[in-house]
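Participant:
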Amino acid sequence: MQTLELQAGYSRQGNLYAGDTQNTNTNALVKSLYGDETNRLYRQNISLKWTGAWDNGVSTSSWARYEKTRNTRI
3 MQTLELQAGY
13 SRQGNLYAGD
23 TQNTNTNALV
33 KSLYGDETNR
43 LYRQNISLKW
53 TGAWDNGVST
63 SSWARYEKTR
73 NTRI
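Okay, so the sequence shown: first residue is 3 according to my numbering, each after it adds one.
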């Protein structure tokens, strides 16, 4: 018996700015960003798996996987 399995995924996460700063910076730029999406994370993945079982009782499995993560930040 031979099987081939394909899996894929995609996700996105966005973070809204809540005013966090290292040194309590309260300038106009910091205040203008409150509530804006200032951080985004995109993730993609795909995998392929092959499994084979032979008449002599031997079974084998091979797989390949790819993942990519991309971050954008203000």
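Note that CB positions come from ideal geometry on N, CA and C, so glycine has one too.
Whole alpha helix (DSSP H) runs in the region 14-64 with 4 or more residues, listed along the chain?
Facilitator: Segments of the alpha helix (DSSP H) lying fully in the region 14-64: 30-34.
Participant: Apart from the five residues just before and just after TYR68, which ones in its own chain have a Cβ nearer than 7 Å to its Cβ?
Facilitator: Taken in chain order, the residues that qualify are ASN47 and ILE48.
Participant: By Cβ distance, which residues of its chain are closer than 6 Å to SER61, with the 5 residues on each side in sequence left out?
Facilitator: So the list reads ALA55, once near-sequence residues are dropped.
Participant: Taking the Cβ atom as the reference point for each residue, do ASN25 and ASN41 lie within a distance shorter than 8 Å?
Facilitator: No, these two residues do not count as a Cβ contact at 8 Å.
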